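Protein chains in written order, with my numbering: chain A, 2 to 347; chain B, 2 to 347. Written out below as structure tokens is the structure these notes cover.
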DNA sequence: GCCAAAAATGTGTTCGAACACATTAAATAA
DNA sequence: TTATTTAATGTGTTCGAACACATTTTTGGC
């Protein structure tokens with residue numbers, strides 16, 4: 002295998018035919034005689050020809066449309082970095098003819114998700130990127146995409162029965178286990194642990210399972226783990242609820258918050274004058290980082306929302322532009338964040 | 002700003018000139034009258050023209066050469082993933098006309114580094130990628146690159162007085178601090194800590210500083226931290242040395258190993274029947290992972306050698322191909338690895 | 001006002017792949 | 001055998017930027 006760049010013209014010359022014939026062989030377009038085919042095929046087998054993706058792309062000269070359907074970052078700050086990741090990738094690939102359009106839905110309103118879904122499918126983009134908060138609606142959307150031959154990519158959380166869609170995110174069960182193993186290093190034998198869901202979304206149950214599984218696997222474990230779901234979105238009601246919960250469970254001193262809202266719990270605990278609680282939460286929101294740096298949150302797990310979004314868009318783009326293959330599921334590492342390394346993740 | 006793709010031809014038409022004139026304006030090639038310049042300039046200011054990088058690249062049609070000068074992975078397994086990262090990126094960009102050549106040097110022999118250096122510079126590649134283990138020799142190499150207009154990228158460890166070279170790696174001082182903060186969570190008040198250098202390379206001192214700084218910053222800290230350097234490369238001599246060291250410092254129960262050789266220490270400790278020592282080390286070598294999973298290493302810090310290499314090559318490639326800018330220094334996150342999340346980093 | 005030199009502007013070709021179209025060779029029917 | 005369809009093959013153009021080259025316009029000198 003000689004290291005050189007071969008062109009169609011080269012191959013044609015080597016095989017003693019014209020570039021048109023080589024082209025027909027390469028693309029199985031027929032209208033090639035056996036003799037000609039074999040001459041070309043022989044050369045192709047010798048040289049490991051790889052078409053120049055740049056020339057190919059220039060010729061195609063197509064504008065690829067990727068539509069992103071995401072929760073409105075104004076309504077939940079968790080989605081701000083996701084939005085940034087999409088924008089970054091969009092800018093990077095804009096001059097390559099990749100056109101990214103963003104659509105926001107209200108994360109507290111399934112109807113808004115469905116409405117936007119239909120609009121997007123109707124506009125027939127080349128690919129769709131979404132965070133499937135609502136299971137049923139999301140599955141309907143993905144099915145619809147399949148039917149209309151729209152590529153689909155998913156971030157944040159996996160849906161069950163979901164093959165052949167690009168997924169980029171974390172293994173949420175394992176993420177719960179990581180949280181548990183960190184908790185394990187921090188607590189004493191007689192600590193009681195609470196798993197706190199604040200405005201629970203379905204996939205957070207998976208984190209809870211992982212967390213519990215870790216401790217269940219240890220035969221010596223006699224820990225008490227209580228799971229609690231808080232629904233209040235207003236601060237006041239939430240603080241009262243927390244107070245109530247702690248009165249009923251006075252022994253609890255360690256908390257695992259299953260989403261980005263650990264800072265809310267910290268604030269509530271501070272109001273109740275309950276200090277030195279052990280807290281593990283998710284995501285690098287400004288409030289969380291502040292508490293992490295102050296030692297009021299012990300560990301954060303980084304779900305890399307920005308990277309999820311960036312990677313999805315760039316995988317799709319590079320697939321369209323250069324035919325790059327990508328794995329159907331890409332599980333990102335579960336990053337453990339402390340005061341000391343948080344800086345490098347921002 | 003209308004969202005459309007403009008070509009030079011479009012601009013020429015809009016400005017009422019020929020594409021040649023537009024080209025001269027875009028590239029400041031002179032030979033343009035004031036009137037023509039202003040006509041073109043006006044259009045350019047209106048439309049935010051970005052040249053099609055694909056077409057540009059096709060026209061250039063140049064083969065870019067990147068030479069990588071790295072320690073032989075056969076002589077130190079730490080460099081295996083670095084090698085993999087280079088290969089992966091090389092394959093990815095091969096069809097774009099990026100030609101990556103690897104050169105290995107003996108990490109225990111500065112002469113072999115110098116010799117290879119000279120060969121590479123003499124062959125005048127477009128860029129050089131290296132891991133600068135030897136300070137003086139590396140600085141000479143980088144200077145030489147500058148003079149010959151060879152781009153240079155560096156991974157693994159930073160050299161001082163090193164501007165305008167692409168660096169991709171971790172902040173080693175901070176990495177020591179991360180190790181310390183993890184140690185802090187694991188130890189008791191009266192534990193004694195040892196910092197262990199096995200076959201020390203100069204930059205490992207930086208990790209030690211970071212580690213010590215963390216504990217110094219705490220006014221309440223009365224910890225004893227001993228630093229020890231082991232030089233033996235053979236197992237037998239090493240175990241004896243460790244034994245000796247422990248006899249002299251019987252109170253030491255926690256170890257921070259500043260490179261990928263934590264597994265050697267674990268083995269030595271096992272031979273001495275010293276169990277439940279606390280150990281924090283670096284890098285996901287197979288041996289380290291085994292001990293991590295068995296609970297004999299508490300934390301590993303992942304230096305992402307593969308990613309460092311991959312990123313360097315792809316940054317250089319994308320710079321050459323598409324004119325992508327890159328930051329002079331890119332500090333990668335300092336990943337904390339436990340039994341629970343190690344799987345996702347492999 | 002005319003010619004030569006210089007400046008300004010326009011035209012044409014290239015890169016490699018893709019595909020439309022033109023041309024030639026082989027196969028079939030009259 | 002000749003006309004005519006069909007198969008096989010070759011040629012030419014396009015994508016957008018870059019640059020070589022050709023052409024036109026302007027300027028200065030007499």
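Using N, Cα and C, we set each Cβ at its ideal position, and we do this for glycine too. Only a predicted model underlies this, so the values are computations on that prediction, with no experimental measurement involved.
Beta-carbon contacts of residue i that lie in its chain and below 8 Å, excluding the five residues immediately before and after
i                      : result
residue 343 of chain B : 285, 290, 293, 294, 301
residue 296 of chain A : 340
Beta-carbon proximity list for residue i, same chain, < 7 Å, skipping 5 on both sides
i                      : result
residue 33 of chain A  : 22, 25, 26
residue 314 of chain A : 67, 87, 90, 91, 101, 130
residue 64 of chain B  : 98, 100
residue 335 of chain B : 171, 175, 176, 179, 302
residue 81 of chain B  : 74
residue 205 of chain B : 198, 259, 260
residue 117 of chain A : 70, 104, 106
residue 111 of chain B : 135, 138
residue 288 of chain B : 264
residue 346 of chain A : 285, 303, 336, 338
residue 219 of chain B : none
residue 149 of chain B : 122, 125
residue 349 of chain A : Shown here, chain A extends from 2 to 347; a query on residue 349 of chain A therefore has no answer.
Rounded separation between residue i and residue j - CA only
i                      : j                      : result
residue 44 of chain A  : residue 15 of chain A  : 7 Å
residue 152 of chain B : residue 129 of chain B : 6 Å
residue 49 of chain A  : residue 13 of chain B  : 41 Å
residue 41 of chain A  : residue 18 of chain A  : 8 Å
residue 328 of chain B : residue 317 of chain B : 11 Å
residue 239 of chain B : residue 124 of chain B : 42 Å
residue 237 of chain B : residue 202 of chain B : 21 Å
residue 225 of chain A : residue 193 of chain A : 5 Å
residue 8 of chain A   : residue 311 of chain B : 28 Å
residue 84 of chain A  : residue 281 of chain B : 37 Å
residue 245 of chain B : residue 228 of chain B : 14 Å
residue 214 of chain B : residue 186 of chain B : 16 Å
residue 188 of chain B : residue 279 of chain B : 8 Å
residue 20 of chain A  : residue 37 of chain A  : 12 Å
residue 253 of chain B : residue 256 of chain A : 33 Å
residue 320 of chain B : residue 324 of chain A : 20 Å
residue 173 of chain A : residue 322 of chain B : 38 Å
residue 132 of chain B : residue 61 of chain B  : 30 Å
residue 167 of chain A : residue 127 of chain B : 36 Å
residue 298 of chain A : residue 109 of chain A : 27 Å
residue 191 of chain B : residue 181 of chain A : 26 Å
Collapsed DSSP secondary structure at residue i in the structure displayed
i                      : result
residue 331 of chain A : strand
residue 167 of chain B : strand
residue 275 of chain B : coil
residue 78 of chain B  : helix
residue 42 of chain B  : helix
residue 311 of chain B : helix
residue 127 of chain B : coil
residue 66 of chain A  : strand
residue 228 of chain A : strand
residue 133 of chain B : coil
residue 301 of chain B : strand
residue 106 of chain B : strand
Proximal residues to residue i (C-beta, below 6 Å), its chain only, five neighbours per side dropped
i                      : result
residue 262 of chain B : 199
residue 331 of chain A : 169
Members of the stretch 49-68 of chain A that neighbour chain B once the beta carbon cut-off is set at 8 Å:
51, 52, 53, 54, 55, 56, 58, 59, 64
Measuring CB atoms only, is the stretch 46-57 of chain A touching the stretch 87-98 of chain A, in the sense that at least three cross pairs come out at less than 8 Å?
no
Segment contact, 8 Å Cβ cut-off, at least three pairs: the stretch 164-180 of chain A with the stretch 207-225 of chain A
yes
Please identify, using Cβ separations under 9 Å, the residues of the stretch 327-341 of chain A that lie next to chain B, in order along the chain.
332, 333, 334, 335, 336, 337, 338, 339, 340, 341
Using Cβ-Cβ distances below 9 Å, what residues of the stretch 175-197 of chain B are close to chain A?
175, 176, 178, 179, 180, 181, 182, 183, 186, 187
Can you confirm whether the stretch 130-149 of chain A touches the stretch 266-276 of chain A when touching is taken to mean that 3 or more C-beta pairs between the two stretches lie within less than 8 Å?
no
Quick one: which residues of the stretch 84-98 of chain A get their C-beta closer than 9 Å to a C-beta of chain B? List them in chain order.
93, 95, 96, 97, 98
Contact residues within the stretch 270-284 of chain B, judged by C-beta distance below 7 Å to chain A
none
When Cβ atoms are compared, which residues of the stretch 300-328 of chain A fall closer than 7 Å to chain B?
none
Contact set between the stretch 128-141 of chain B and chain A, restricted to residues whose Cβ is under 7 Å from the partner
none
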